[in-house]
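Just so we're aligned: 35 in numbering that gives the first Met the number 0 is position 36 of the sequence shown, and the numbers increase by one with no gaps anywhere.
Cβ atoms here follow ideal geometry from the backbone N, Cα and C, with glycine treated the same way.
For clarity, every value in this text was computed on a predicted model and none was experimentally measured.
Note sheet for the following structure.
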Amino acid sequence: MLRDCDAVGEGVLLVGRPQITNGGRIEIGDGFAMSASPVRSHFEARSGGRIVVGNNVRISYGASVFAHELIEIGDNTVVGPMAMLLDVDFHEVKSRETMGEPRPIRIGKNVHIGAGVVILRGAVIGDGAHIAANSVVGRAVPPGARAAGVPARPLAPSP
Numbered sequence: 000m001l002r003d004c005d006a007v008g009e010g011v012l013l014v015g016r017p018q019i020t021n022g023g024r025i026e027i028g029d030g031f032a033m034s035a036s037p038v039r040s041h042f043e044a045r046s047g048g049r050i051v052v053g054n055n056v057r058i059s060y061g062a063s064v065f066a067h068e069l070i071e072i073g074d075n076t077v078v079g080p081m082a083m084l085l086d087v088d089f090h091e092v093k094s095r096e097t098m099g100e101p102r103p104i105r106i107g108k109n110v111h112i113g114a115g116v117v118i119l120r121g122a123v124i125g126d127g128a129h130i131a132a133n134s135v136v137g138r139a140v141p142p143g144a145r146a147a148g149v150p151a152r153p154l155a156p157s158p
């Protein structure tokens with residue numbers, strides 16, 4: 000599992016057995032925790048792809064992170080159960096050729112990503128943002144924003 004990563008920080012905790020496939024580069028910071036129980040979580044960096052995870056990041060069960068180019072997750076970010084991060088529109092079942100060009104995903108520090116969120120290629124989520132459950136993020140979310148919906152849009156501040 001973690002032995003397949005290029006760099007792993009100290010104090011890492013795995014619950015269950017996540018699937019980690021590294022054909023590119025995977026770097027994991029200190030204090031990282033990932034649950035793969037009751038549903039297995041996945042990290043996959045394809046050839047030329049990079050996954051860079053900051054310090055004290057928490058990833059819940061059933062989450063999937065697939066990088067053809069780059070996915071960055073900032074310090075102290077929490078990723079909820081069954082979330083998906085995909086920097087490409089993926090590929091046909093019988094072919095490994097990707098559909099669309101990969102574009103990096105950049106998630107800032109102290110971000111909260113709810114259960115079932117899908118983050119698509121080219122998304123940039125600013126520091127301190129909160130993404131509501133089952134939202135789909137395909138573009139920029141400003142720092143500190145609370146975003147929800149399909150597609151995710153910043154919500155008006157509470158009175």
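The secondary-structure analysis by DSSP pairs S63 across a beta bridge with H41 and M83. Between P101 and E68, the gap from beta carbon to beta carbon is short of 9 Å. Between the alpha carbons of V149 and G22 lies a distance of about 32 Å. Annotated three-state conformation of L154 is coil, per DSSP. Pairing L119 with V135 gives a Cβ-Cβ distance under 9 Å.
If you look at V52, you'll find it in the beta strand (DSSP E) that goes R49 to V52. If one requires a minimum length of 3 residues, the beta strand (DSSP E) runs lying completely within the segment 2-38 are 12-14, 18-21, 24-27 and 32-34, in chain order.
Contact between R105 and V77 does not hold, since their C-beta atoms are separated by about 16 Å, which reaches or exceeds 8 Å.
Rounded to the nearest whole angstrom, the CA to CA distance from V117 to A151 is 10 Å. Only exposed fits V14, as fewer than 16 other CB atoms lie within 10 angstroms of its CB. Under the three-state reduction of DSSP output, L119 falls in the coil class, being neither helix nor strand. DSSP, read as helix, strand or coil, puts R57 in strand. Going by C-alpha positions, P80 is about 13 Å away from I130.
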